[in-house]
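Report on the structure given below.
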Amino acid sequence: MLFVVLLLVLAALGLLVPALTTSNTIWAWSSVGASVLAALVLLWDWWRRRPGDPAAVAQSVDQLAVADDQRVVVAPEISSGADTPPADEEPPEEDTDAADLLAVADLVDEVRVLDERPRYHLSSCSWLAGRPSLGLPVQEARQLQFTPCAVCRPDATLVSRHRAPRQEVSEDPT
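For any residue, its number in our numbering is found by taking its place in the sequence shown, counting from 1, and adding 211.
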């Protein structure tokens, strides 16, 4: 889209040169028309990508990151800093059993990922401290081949969080 606007602006400038050299108003009005057309293309592009448009929000990773950062996530218990790997070393992968893996595949709870790192974490993970991260639904993180962190154990925590309400309902005799 920017390429089209650039071509229209260059055309307007190209039409302005003969308008100034020949004093012919046709060239001047053609230059104004090309400029107005460039402005209309920019306006149409802005309208198509305006903030709040669901299609534009779904296409923009930055806007998704902002929306994910605004969600409220209940923090689980924080593990002790003793099992946190050094900053330059990747944390080990959580060993998730098959039943938990199937349950995690359907969850949409938010987990945090780091650019160029293979693990996903809970927002309270001590290994994430001070690192810029991006929020994703756990289902999408799994689809993108991220694996769970062994420090914060996101799979176990999320599955236990989702199983707890069901167990309370099944234990209620009424």
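Glycine included, each C-beta is placed from N, C-alpha and C at the ideal position.
Would you grab the beta carbon distance between Ala314 and Val349 for me? Rounded to a whole angstrom, and I think it's under 8 Å.
Wrong, their Cβ atoms sit about 10 Å apart, outside the cutoff.
Thinking Val324 and Ala352 are a contact (beta carbons under 8 Å), I'd like their distance in whole angstroms, please.
Yes, Val324 and Ala352 are in contact; Cβ-Cβ is about 6 Å, under 8 Å.
Give every residue of the same chain whose Cβ lies closer than 6 Å to the Cβ of Leu217, excluding the five residues on either side of it in the sequence, and list them in chain order.
Cβ within range, chain order: n/a, list empty.
When the Cα atoms are used, what is the spatial distance from Asp326 to Ile237?
Straight-line Cα distance between these residues: approximately 55 Å.
Mark Thr307 as exposed unless 16 or more other C-beta atoms lie within 10 angstroms of its C-beta, in which case mark it buried.
By the 10 Å Cβ count, Thr307 comes out buried.
Would you kindly work out how many angstroms separate the C-alpha atoms of Gly346 and Phe357, rounded to a whole number?
Using only the alpha carbons, I get a separation of about 13 Å.
Hey, how far is the Cα of Ser335 from the Cα of Glu305?
Those two C-alpha atoms are separated by around 16 Å.
Measure the alpha-carbon distance for Gly244 versus Trp257 and round it to whole angstroms.
Using only the alpha carbons, I get a separation of about 20 Å.
Can you tell me the Cα-Cα spacing of Leu318 and Leu254, whole angstroms?
Using only the alpha carbons, I get a separation of about 39 Å.
The alpha helix (DSSP H) that contains Leu347, what's its start and end?
It is not in any alpha helix (DSSP H) - Leu347 instead sits in the beta strand (DSSP E) that spans Leu345 to Pro348.
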